[in-house]
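**Q** The sequence shown begins at 3 in our numbering and counts up by one.
Ideal Cβ placement from N, Cα and C applies to all residues, glycine included.
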Amino acid sequence: MAYKNLVIVESPTKAKTIGRYLGRNYKVVASKGHLRDLPKSKMGVDIENNFEPHYITIRGKGDTVKELRKLANKAENVYLAADPDREGEAIAWHLSHLLKLDPDAENRVVFNEITKDTVKEAFKEPRKIDMDLVDAQQARRILDRVVGYSISPLLWKKIKGGLSAGRVQSVALKLIIDREKEIRNFKPEEYWTIPTKFKKGRSKFEADFYGLSGKKLKLENEAAVKDIMDRIDTNATFTVKDIVEKERRRKPYAPFTTSTMQQEASNRLNFRAGKTMMVAQQLYEGVAIGGGTVGLITYMRTDSTRISPTARQAAATYIEDTYGKNFLGAGQRGKASAGSQDAHEAIRPSDVTITPESIKDKLSKDQFRLYALIWARFVASQMTDAVFDTIRADIEQNDVTFRANGQRIKFEGYMKVYKPAQSSKDNYLPDLSVGDDVKIDTIEPTQHFTQPPARYNEASLVKTMEELGIGRPSTYAPTLETLRKRYYVKMVAKRFEPTELGEIVNNVMEEFFPQIVNVEFTAGLEDELDDIEEGKRMWVSVLDEFYSSFAKDLDKAEEGMEKIEIKDEPAGFDCPECGKPMVIKIGRYGKFYACSGFPDCRHTEAIVKKIGVTCPTCGKGEVVERKSKKNRIFYGCDRYPECDFASWDKPVGRNCPKCDHYLIEKTSRKGSQVKCSNCDYEEDLVQ
Numbered sequence: 003m004a005y006k007n008l009v010i011v012e013s014p015t016k017a018k019t020i021g022r023y024l025g026r027n028y029k030v031v032a033s034k035g036h037l038r039d040l041p042k043s044k045m046g047v048d049i050e051n052n053f054e055p056h057y058i059t060i061r062g063k064g065d066t067v068k069e070l071r072k073l074a075n076k077a078e079n080v081y082l083a084a085d086p087d088r089e090g091e092a093i094a095w096h097l098s099h100l101l102k103l104d105p106d107a108e109n110r111v112v113f114n115e116i117t118k119d120t121v122k123e124a125f126k127e128p129r130k131i132d133m134d135l136v137d138a139q140q141a142r143r144i145l146d147r148v149v150g151y152s153i154s155p156l157l158w159k160k161i162k163g164g165l166s167a168g169r170v171q172s173v174a175l176k177l178i179i180d181r182e183k184e185i186r187n188f189k190p191e192e193y194w195t196i197p198t199k200f201k202k203g204r205s206k207f208e209a210d211f212y213g214l215s216g217k218k219l220k221l222e223n224e225a226a227v228k229d230i231m232d233r234i235d236t237n238a239t240f241t242v243k244d245i246v247e248k249e250r251r252r253k254p255y256a257p258f259t260t261s262t263m264q265q266e267a268s269n270r271l272n273f274r275a276g277k278t279m280m281v282a283q284q285l286y287e288g289v290a291i292g293g294g295t296v297g298l299i300t301y302m303r304t305d306s307t308r309i310s311p312t313a314r315q316a317a318a319t320y321i322e323d324t325y326g327k328n329f330l331g332a333g334q335r336g337k338a339s340a341g342s343q344d345a346h347e348a349i350r351p352s353d354v355t356i357t358p359e360s361i362k363d364k365l366s367k368d369q370f371r372l373y374a375l376i377w378a379r380f381v382a383s384q385m386t387d388a389v390f391d392t393i394r395a396d397i398e399q400n401d402v403t404f405r406a407n408g409q410r411i412k413f414e415g416y417m418k419v420y421k422p423a424q425s426s427k428d429n430y431l432p433d434l435s436v437g438d439d440v441k442i443d444t445i446e447p448t449q450h451f452t453q454p455p456a457r458y459n460e461a462s463l464v465k466t467m468e469e470l471g472i473g474r475p476s477t478y479a480p481t482l483e484t485l486r487k488r489y490y491v492k493m494v495a496k497r498f499e500p501t502e503l504g505e506i507v508n509n510v511m512e513e514f515f516p517q518i519v520n521v522e523f524t525a526g527l528e529d530e531l532d533d534i535e536e537g538k539r540m541w542v543s544v545l546d547e548f549y550s551s552f553a554k555d556l557d558k559a560e561e562g563m564e565k566i567e568i569k570d571e572p573a574g575f576d577c578p579e580c581g582k583p584m585v586i587k588i589g590r591y592g593k594f595y596a597c598s599g600f601p602d603c604r605h606t607e608a609i610v611k612k613i614g615v616t617c618p619t620c621g622k623g624e625v626v627e628r629k630s631k632k633n634r635i636f637y638g639c640d641r642y643p644e645c646d647f648a649s650w651d652k653p654v655g656r657n658c659p660k661c662d663h664y665l666i667e668k669t670s671r672k673g674s675q676v677k678c679s680n681c682d683y684e685e686d687l688v689q
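1) DSSP state of Ser649, grouped into three classes?
2) Compare the Cα-Cα distances from Ala553 to each of Val148, Lys367, Phe523, Lys202 and report the closest residue.
3) Classify Gly64 as buried or exposed, calling it buried when 16 or more other Cβ atoms lie within 10 Å of its own Cβ.
4) Rounded to whole angstroms, what is the Cα-Cα separation between Gln517 and Lys44?
5) Along the chain, where does the alpha helix (DSSP H) that runs through Met231 open and close?
6) Where DSSP assigns a beta bridge to Met584, which residues make up the other side?
7) State the Cα-Cα distance for the pair Asp119 and Asp353, rounded to the nearest angstrom.
8) For the segment 459-472 against the segment 256-273, do three or more pairs of beta-carbon atoms, one drawn from each stretch, fall closer than 8 Å, so that the two count as touching?
9) Can the beta-carbon of Thr307 be found less than 7 Å from the beta-carbon of Pro257?
10) Per DSSP, which residues does Ile666 bridge with? Please list them.
11) Among Asp132, Ala238, Leu156, Leu285, which one has its Cα closest to the Cα of Thr117?
12) Against chain D, does Arg252 count as a neighbour if the rule is that its beta carbon must be under 7 Å from one of theirs?
13) Output the distance between the C-alpha atoms of Phe200 and Ala378, rounded to the nearest integer angstrom.
14) Spatial neighbours of Val9 within its chain, please: C-beta separation below 6 Å, excluding the five flanking residues on both sides.
15) Report yes if the CB atom of Lys160 is closer than 7 Å to the CB atom of Met563, and no otherwise.
16) Determine the extent of the beta strand (DSSP E) in which Ala608 is found, giving its start and end residues.
17) When you compare the CB positions of Met279 and Ile349, do they come within less than 7 Å of one another, or not?
18) Which residue from Pro572, Phe515, Asp529 puts its Cα closest to that of Ser551?
19) Which residues does DSSP list as the beta-bridge partners of Met385?
20) Looking only at its chain, what residues have a beta carbon closer than 8 Å to the beta carbon of Glu249, apart from the 5 residues adjacent to it on each side?
21) Spell out a yes or no on whether the segment 64-78 and the segment 87-102 are touching, meaning 3 or more CB-CB pairs, one atom from each, closer than 8 Å.
22) Taking C-alpha atoms, which residue in Tyr549, Lys611, Val615, Cys577 lies nearest to Gly599?
23) Is the segment 599-615 touching the segment 573-588, taking contact as three or more C-beta pairs under 8 Å?
24) Throw me the rounded Cβ distance for the Val281 and Val289 pair, which I believe falls under 8 Å.
25) Quick test of your reading: Glu347 and Ile309, contact by CB under 8 Å. State the CB separation rounded to the nearest angstrom.
26) Nearest to Pro190 by alpha carbon, out of Phe594, Thr606, Thr66, Thr452?
27) Pull up the distance between the alpha-carbon of Gly408 and that of Ser172, whole angstroms please.
28) I'd like to know whether the C-beta atoms of Ile179 and Asn508 end up nearer to each other than 7 Å.
29) Should the segment 484-495 be regarded as contacting the segment 297-304, the criterion being three or more beta carbon pairs within less than 8 Å?
30) Sort Glu528, Val112, Arg186 by Cα distance to Phe125 and report the nearest one.
31) Go through the segment 395-461 residue by residue and report every complete run of the beta strand (DSSP E) that reaches 3 residues or more, in order.
32) For Ile208, which beta-bridge partners are listed by DSSP?
33) Hey, would you say Gly331 sits closer than 7 Å to Met385, going by beta carbons?
34) Report all residues from its chain with a CB closer than 6 Å to the CB of Thr669; omit the five preceding and five following residues, and keep chain order.
35) Which one of Lys441, Cys639, Ser630 has the shortest CA to CA distance from Thr619?
36) I'd like to confirm the pairing. Which residues does DSSP put opposite Asp1 in its beta bridges?
Right under this line is the structure:
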């Protein structure tokens, strides 16, 4: 088929969607990601010559380059339509070099959403490749290459092979380890509460001890509780001394940025950051609906909450038509955050009238769940506040004050579409007036101890990294994945726990490369990359300034870093092949058993942890804890491969009373529950 215009995008799905919109005069093809990059086998950066990068065609991409050159030679016009961010701009620039296109040609096309009107409008206004954007991406790539390829060989030589260090990765690891140190050093403090149930007539309600003579009092020990209890006559009445009623409003959340989307997908959908971005990419590039593929959301790498006037108007019309005019709010207009690298909108549906339920049968389960989250968050952001009636009652006897708090939803507002993840139930309070008498139904003094800070999960770590200015939207997911792949951290109950290896590497980094693991320094570098993008600084000068101090640290490390021996632990049994003692070693995926006679004997065994449960599939083997290649814990039968039982969730050793399938332990932010692996049966976990 003859064509006049060649359009190059990154992915085949995106090519298919855009091709449908542009018509027969356009041929749309995919580069399938980057085609040119720094070599893997060496640093590929000439530090002495203004950090000149030596780019090569990526191995295995030669045929793609050849095909694209052939297609470009046939076309009158070649358009480069990679994603609208720094990385997309760099891909377009590399393509321009490989295809020998005019560097001043206006052949760069960008769009924030893949819809017919947006794509067609974008092709009416192509522009030159933005070299400030390219330079910002180049600076990041070279900066990370110089850090990684300078420090990693030192770690191989002084600790063990296969290790790596990175500019953002090392700071993220330090955050995890600093939190672990807080937990280890935490000293629990005792405190008490006196939860009490009162009754007025037939109505019962809950209250907590507040203080004495109207002043708040903290109960630090049992003696203080005894003093309070001695003042209380449980058979006598209490009097309602004070009532405060207020109306409280809760504003809707802003629409998603990359970071907030990753956090909410982790909390609500149990998605890892990498999975969230993969599914979001599918929704952005296009999903087969009706007669063809449709891009369902705007570009998913953004740190802006800005919404276009057109999208706001479309949402307003939808809200008014669907829920009524009283649900239409002024709208969270949002803004680009300080240091925001792109002029993108927030993440939102491309067409708000395409509701999640209307296309549920066209989407995979994961696509539907993420699209529903994005859609609801956006629609809610344009709705009215939720309104609550709150009541606070102080109840007294002998100067002892208890306080009851209650609230009822007066008007749902945005919560009709998007409820907060930790939305508490309304606490019912009966009609109370000052002077009313109430009686105690139950009173139970309870001892507590303060808890250490929680380990980071994906959501809280991404949130912290964003708040501190470490990394940018495109870097969060790959950074966390690298920490797991290097076995610097492991996931325990869906939270990051540093490994012994991770702590060794962090100690070395803190001693010899304090700037690299310094939060303020790393955040400052991100700001300098933003300055390059905005044309305020030259990329070579930023790199030169960084390297002048980094080179000194590198020289000190070369001279002063001593070899660290990671000692093998005795396994406590002998090798079944040669009889020599087995030891525990640390490998790429964690600890494993190995023969101490290596290399003469190469016998190894996986370390499996029995959980005391018989396999629910074969009934003969025992269920053991294993690790996937991505270092994620799962549970399988120890008779594998004879028995293929496997479960991401821990079996509890009992069967469901409803359907007789095995029960599993599920952990979430709210705690642990026992659920059926097959039906909807669930019960609280008894510790």
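**A** Answer, in terms of the structure:
1) It is a strand residue.
2) For the residues Val148, Lys367, Phe523, Lys202, the minimum Cα distance to Ala553 belongs to Val148.
3) Burial call: exposed.
4) Each residue's alpha carbon lies about 24 Å from the other.
5) Start and end: 224-233.
6) In DSSP, Met584 forms a bridge with Cys597.
7) Rounded to the nearest whole angstrom, the C-alpha separation of Asp119 and Asp353 is 11 Å.
8) Yes: the two stretches touch, three or more of their Cβ pairs being nearer than 8 Å.
9) It is a contact, given that the beta carbons lie within the stated cut-off.
10) DSSP output for Ile666 lists Pro653, Lys677 as bridge partner(s).
11) Out of Asp132, Ala238, Leu156, Leu285, the CA that lies nearest to the CA of Thr117 is found in Leu285.
12) In the displayed structure, chain D is absent; only one protein chain is listed.
13) If you draw a straight line from the Cα of Phe200 to the Cα of Ala378, it is about 39 Å long.
14) Excluding sequence positions up to five before and after Val9, its CB lies within less than 6 Å of the CB of Tyr28, Val30, Tyr81, Ala83, all in the same chain and listed in chain order.
15) The answer is yes: Cβ separation under 7 Å.
16) From DSSP, the beta strand (DSSP E) with Ala608 extends over 606-608.
17) No.
18) Out of Pro572, Phe515, Asp529, Phe515 has the C-alpha closest to the C-alpha of Ser551.
19) According to DSSP, Met385 bridges with Leu330.
20) So the qualifying residues of the chain are Val389, Phe390, Asp391, Thr392, Lys412.
21) The segment 64-78 is in contact with the segment 87-102.
22) The candidate whose alpha carbon is nearest that of Gly599 is Cys577.
23) The segment 599-615 makes contact with the segment 573-588, as at least three CB pairs between them are under 8 Å.
24) About 10 Å separates the beta carbons of Val281 and Val289, which is beyond the 8 Å limit, so they are not a contact pair.
25) Between Glu347 and Ile309 a beta carbon distance of about 6 Å is seen, short of the 8 Å cut, so the two are scored as contacting.
26) Comparing Cα positions, the closest option is Thr452.
27) A straight-line Cα-Cα distance of about 46 Å links Gly408 and Ser172.
28) Using a Cβ distance threshold of 7 Å, Ile179 and Asn508 count as a contacting pair.
29) Note that the segment 484-495 does not touch the segment 297-304; fewer than 3 beta-carbon pairs, one per stretch, sit closer than 8 Å.
30) With distances taken between Cα atoms, Phe125 lies closest to Val112.
31) Whole beta strand (DSSP E) segments, 3+ residues: 402-413, 439-445, 448-451.
32) First, the residue type needs correcting, since residue 208 is Glu and not Ile in the sequence shown. In the DSSP assignment, Glu208 is bridged to Lys199.
33) Closer than 7 Å, so yes.
34) Contacts found: Ala495.
35) Closest option to Thr619, judged by alpha-carbon separation, among Lys441, Cys639, Ser630: Cys639.
36) Nothing about residue 1 can be read from this structure; the chain reaches only from 3 to 689.
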